[in-house]
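Heads up, the thing below is written out as structure tokens.
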Amino acid sequence: MNIKKGDKVLITKGKDSGKSGKVASVNPKENRIVVEGLNIMKRAVKPKKMGETGQIVSVAAPLNASNAMIVCPLCSKPTRVGSVTEGDKKKRVCKKCGGSF
Ligand SMILES: [Zn+2]
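Right under this line is the structure:
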């Protein structure tokens, strides 16, 4: 999985297809990512005390990383990325503009 926390991604499948957002967290084991403000699920929260009313909260649910493409920070286009090693750092290479980031 090439996507990292803080990346900008474009959703390519599902109900938020065509929208983009910032990656809030990644789960490489499950190949899932959470994108700020996208794939919103409404969850009912039960009242904890007597007299309180239940609430509906919106939370960003994880989505499959294969349904998202990285948006290149250099050319601002959604792209596939390759990887290169520069010194001891692993960098990703944009297949559209060839820049590494
Ligand atoms: Zn690029």
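Under our numbering, the first residue of the sequence shown is numbered 12, with each subsequent residue one higher.
A virtual CB, placed ideally from N, CA and C, is assigned to each residue, including glycine.
### Message
Just to check my reading of the structure: I22 and K30 have Cβ atoms closer than 8 Å, yes? What is that Cβ distance to the nearest angstrom?
### Response
About 5 Å separates the two Cβ atoms, so the contact holds.
#### Entry: Assigned exposure category for I44 - 16 Cβ within 10 Å defines buried
Only buried fits I44, as 16 or more other CB atoms lie within 10 angstroms of its CB.
### Alpha-carbon spacing of I51 relative to S69, whole angstroms
Distance between the alpha carbons of I51 and S69: 6 Å.
### Task
Specify the secondary structure class of S94 as computed by DSSP and reduced to three states.
DSSP, read as helix, strand or coil, puts S94 in strand.
### Query
For L85, is the beta carbon positioned less than 7 Å from some heavy atom of ligand 1?
Under cutoff, so the answer is yes.
### Counterpart residues of C86 in DSSP-defined beta bridges
For C86, which the question treats as bridged, DSSP gives no partner whatsoever.
### Message
For G25 and C86, I'd like the C-alpha separation in whole angstroms.
### Response
25 Å
### Message
Suppose you measure from the CA of C108 to the CA of A71; what does that come to, to the nearest Å?
### Response
Taking the straight line from one Cα to the other gives about 31 Å.
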